[in-house]
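Structure first, commentary second.
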Amino acid sequence: MPSPSASSGRRCVAARRRKWPRPRGPLGSSPPSGGSPESGSCSRPPARVSSRSPIACATGRSASTRISTSRSNEDAVKTSTLEFVPEDRPRVLAVLPHFGAVEETRATLESLPLGDGLKVLVYDNDGGLADLELPLGAELRGEGRNLGFCKVVNEGLAQAQREDWPYLLLLNNDTRLAAGCLEALVDCLEANRELAGCGPVLLRPGGAKIWSAGSAIRFGPNLVRHLHGGEELGTLSPEPYAVDFLPGACALYRVSALVQVGGLDEAYFMYFEDADLGLSLRRRGLGLVCLPWARAQHGGSLASGGGASPLRKYLMGLNSVRFVRRSGRPGLMAAFLLVEVLGWPLGLLVYGLGPRGRLRAHLSKGKGILHGLLGRRAGPASIQRELGGRKLGNPEAAG
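See the structure below:
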């Protein structure tokens, strides 16, 4: 499907006939390699997209974009009107913490439209990037000290505020952006000023199944879940939809919104910080949406050894205590006590009959919950203890 011409611009048609200011500063005057400068919130593909690439971000005809932030107790649909010239997209500052395999970080950098108004701060959190030649538009930070995800993001946020960057992109080093993904996210926020952030559909390796299409807080195991995880792309809504929070693997935020909530709580170090951020933003009336035609591929918690690794389960258990306390929600506290604490012994019976690795991960989660109740926090020292002296960031070392 051909892209519309840049000269014609694009219009998000809305119920409220309101004109927003034109974007300031370019995201790029030339399209990223393999992509089109027209990729954006107003170039909506059909619900089902066919492409040679499993993570291709399809773009095409101009169409109306209606951003719904409604929930079960809320019927409002917030929309806006904006005329775009693609070359006028604002600039984006990105933060990319490095853990583990250098090849993963290199591949992530190669997927970004560097040089098109995007600057990336690469934080070497395990000392493995000394010999990596970074592309133009990427800067190396850190000296091999493990700052954690939250500290890295807050340092990037401080720089974005000082240098007047309007948007901050959060990335993991096992995330690959499809062509046009970043442009689509920027256009979404430009067209909908009531939103604090938006994220793409994150696909599993290979691109056949969804890893996450936004995330939700729930009364159930782990207290949070990835929406549409394991489903086919065809099951998604063709329209953007509201979510409780955006996975930190890939999310674009308005810098002004992050400043309002004081950035990320660094006591989390890693895990649950994204859910905590979502709660803080929504308390201030700022929305978050998943953009179904923006696509990226995510390896799935490789920095901590994978989704079911003992290290990840330990950190999830540890930080769940802080998350529940900070939320101030009685329902969330009840879910934590009933499912995570009282339900933990039942998990011993279930996982004890399964693979040994699952039982080990469940034991690590229980230890994390106990440490959280005792007031401990995650950090490099505690993580190294959980790894038994093995190198942090090696996917095989963590389980």
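At position 198 of the sequence shown (counting the first as 1) the number is 195 in the working numbering, and the numbers step up by one without a gap.
Ideal Cβ placement from N, Cα and C applies to all residues, glycine included.
- Annotated as proximal: residue 244 and residue 199, with beta-carbon spacing under 8 angstroms.
- The residue among 227, 120, 175 and 272 with its C-alpha nearest the C-alpha of residue 150 is 120.
- Of the residues assessed, residue 347 falls on the exposed side of the cut-off, its CB having fewer than 16 other CB atoms within 10 angstroms.
- Nearest neighbour of residue 260 by Cα position, chosen from 201, 190, 157 and 175, turns out to be 157.
- Annotation: residue 255 to residue 351 spans about 42 angstroms, alpha carbon to alpha carbon.
- Looking at the DSSP output, residue 172 sits in a beta bridge with 295.
- Within a 10 Å sphere around the beta-carbon of residue 270 sit 16 or more other beta-carbons, which makes this residue buried.
- Across the structure, residue 192 and residue 251 are spaced so that their CA atoms are roughly 8 angstroms apart.
- For the pair residue 126 and residue 112, the CB atoms are not nearer than the 8 angstroms cut-off.
- If you look at residue 119, you'll find it in the beta strand (DSSP E) that goes 115 to 121.
- Its chain contains 207, 210, 232 and 233 as the residues whose beta carbon lies nearer than 7 angstroms to that of residue 225, once the 5 sequence neighbours on both sides are disregarded; these appear in chain order.
- The count of Cβ pairs closer than 8 angstroms, one atom from the region 279 to 296 and one from the region 325 to 334, stays below three, leaving the stretches out of contact.
- A residue is called buried when at least 16 other Cβ atoms come within 10 angstroms of its Cβ; residue 205 does not meet this threshold and is exposed.
- When C-beta atoms of the region 304 to 323 are compared with those of the region 367 to 383, three or more pairs fall below 8 angstroms, so the two segments count as touching.
- Inter-residue distance for residue 117 and residue 145 is about 17 angstroms (C-alpha atoms, whole angstroms).
- The Cβ-Cβ distance between residue 86 and residue 162 does not fall below 8 angstroms.
- Per DSSP, the continuous alpha helix (DSSP H) segment holding residue 358 begins and ends at 353 to 370.
- DSSP places residue 250 in the uninterrupted beta strand (DSSP E) bounded by 247 to 251.
- Secondary structure of residue 136 (DSSP, three-state): strand.
- Rounded to the nearest whole angstrom, the C-alpha separation of residue 128 and residue 103 is 12 angstroms.
- Taking C-alpha positions only, residue 139 is separated from residue 122 by approximately 7 angstroms.
- By the criterion of a C-beta distance shorter than 8 angstroms, residue 136 is surrounded in its chain by 116, 117, 118 and 119, once the five residues flanking it on both sides are discounted.
- As computed with DSSP, residue 95 is found in a beta bridge with 121.
- Counted as a single uninterrupted DSSP element, the stretch harbouring residue 377 is not any beta strand (DSSP E) but the alpha helix (DSSP H) occupying residues 377 to 384.
- Where residue 159 is concerned, the enclosing alpha helix (DSSP H) starts and stops at 145 to 159.
- Between residue 96 and residue 189, the beta carbon gap of about 33 angstroms keeps them out of contact (Cβ cut-off 8 angstroms).
- In this structure, residue 268 places its C-beta atom within 8 angstroms of the C-beta atom of residue 313.
- The Cβ-Cβ distance between residue 214 and residue 272 falls below 8 angstroms.
- Take residue 362, set aside five residues on each side of it, and the residues of its chain with a beta-carbon closer than 6 angstroms to its own are 310 and 314, in chain order.
- When DSSP assignments are scanned along the region 209 to 261, the uninterrupted stretches of beta strand (DSSP E) that are 3 or more residues long and fall wholly within it turn out to be 212 to 214, 221 to 223 and 247 to 251.
- By the neighbour-count definition (other C-beta atoms within 10 Å, threshold 16), residue 253 is an exposed residue.
- Note on residue 194: 16 or more other CB atoms within 10 angstroms of its CB, so buried under the neighbour-count rule.
- For residue 197, no alpha helix (DSSP H) encloses it; the enclosing beta strand (DSSP E) starts and ends at 192 to 200.
- In this structure, residue 247 lies away from residue 343, with their beta-carbon atoms at least 8 angstroms apart.
- Residue 314 sits in a helix when the DSSP states are folded into three classes.
- CA-to-CA, the gap between residue 219 and residue 328 works out to about 14 angstroms.
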